[in-house]
Structures are given as C-alpha cells and as structure tokens.
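Remarks on the structure that follows.
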Amino acid sequence: MRVRVIAVGTRLPAWVRSACDDYLTRLASRLAVSLVEIEPGLRTAGGSAVKAVAAEGERLLRALGPRDHVAALDERGRELSTRELAAWLEGRMREGEDLAFLIGGPDGLASEVLTRSDFTLSLSRLTLPHALARVLLTEQLYRAHSLLTHHPYHRD
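Structure below.
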C-alpha cells in the first residue's frame, strides 16, 4: 500500500515542513507516507483565482495513479473522529489500495478534483490555511495508525 499526501504549495514556512517531516519520519517504519508538492497556479493582482485553481486541479489529477483511492480535503467534506479515520484507513489497508490525499491551495480544489475523489474529508468545520491542513493531516495519519498498532501516542 502506498499513501501519498499530494498538496498544492512548494514554498511553505519552515514550521510546516518541520512538523510534517516529524510525523512522516515517525510513520516511516510503520506506514510509508510520502508528500508530493504541486506547483501552485499563478495568482496576479486583480486576476481571477479561477484560472489558478483550474491549473492546480490539472496538476493534482496528473499526479494521481489510475488505481489511487482518492481522498480530497474540503471544508464541505465528511468530518471523522480520529477513531473513525483509523477505521477508514484500516479498510483501505485491508483492500491494499494505494491512497492519495489531496490538499488544494489557498482557493481550494477544482470541481474536477472533487469529482475524481472517492471520498471527501473535512478536518474541521473551520476554514483552515492549506499549510496548516497539511500539518493536521500528517498528524492525524500518524495518530490513526498509532491507534491501529496500539501505540500509546493516542489517548482517549
């Protein structure tokens, strides 16, 4: 099983990289999760974000494998508890599916990306910066996998 976090954005603050790297390193011996960064669409002063989102959407879709089970992060998606996320992840692992989590840029995901997705996940009803969503997702993947392997990281 291959798990990838495919996220728009290549120039993020050091704290984002540090936090994501920490959780991905912790996961490395248990579950191979990789981060794939997608170049953001060009945003110009007075320009439309629609073109940028469309360009990002095309890049995200090109990064997917034909058999990837795709989970798009979107504020309108389904909210899961950590235990529900762990159960969902376990189901994907049992099926042996390659898994791709998609995180859009500052203006969200293109409709084509949401259409291609098998599942839409919301990390919160709050609107989150895409960089913070990346950190929260990697932490929750680590926490969910810790639950599945009975590691003491998660406490109820």
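In this note's numbering, each number is its position in the sequence shown, counted from 1, plus 10. We treat Cβ as the ideally placed atom computed from N, Cα and C, and that holds for glycine.
For this session: Starting from Ala55, follow the alpha helix (DSSP H) in both directions and report where the run begins and ends.
Result: Boundaries for Ala55: no alpha helix (DSSP H) harbours it, and the DSSP string shows neither H nor E there.
Problem set entry | Backbone CA spacing between Leu99 and His155 [nearest angstrom] | When rounded, the distance between both Cα atoms is 8 Å.
For this session: Determine, using beta-carbon pairs with one atom in the stretch 76-84 and one in the stretch 125-136, whether at least three such pairs fall under 8 Å.
Result: Judged by Cβ distances under 8 Å, the stretch 76-84 makes contact with the stretch 125-136, as three or more pairs qualify.
Exercise. Within 10 angstroms of its Cβ, does Ala109 collect 16 or more other Cβ (buried), or is it exposed?
Worked result: For the sequence presented, residue 109 should be read as Leu rather than Ala. Answer is buried; the Cβ neighbour count reaches 16.
Exercise. For the alpha helix (DSSP H) that Gly101 lies in, which residues bound it at each end?
Worked result: 92-105 is the span of the alpha helix (DSSP H), which, as asked, contains Gly101.
Problem set entry | His155, enclosing alpha helix (DSSP H) - first and last residue | From DSSP, the alpha helix (DSSP H) with His155 extends over 140-158.
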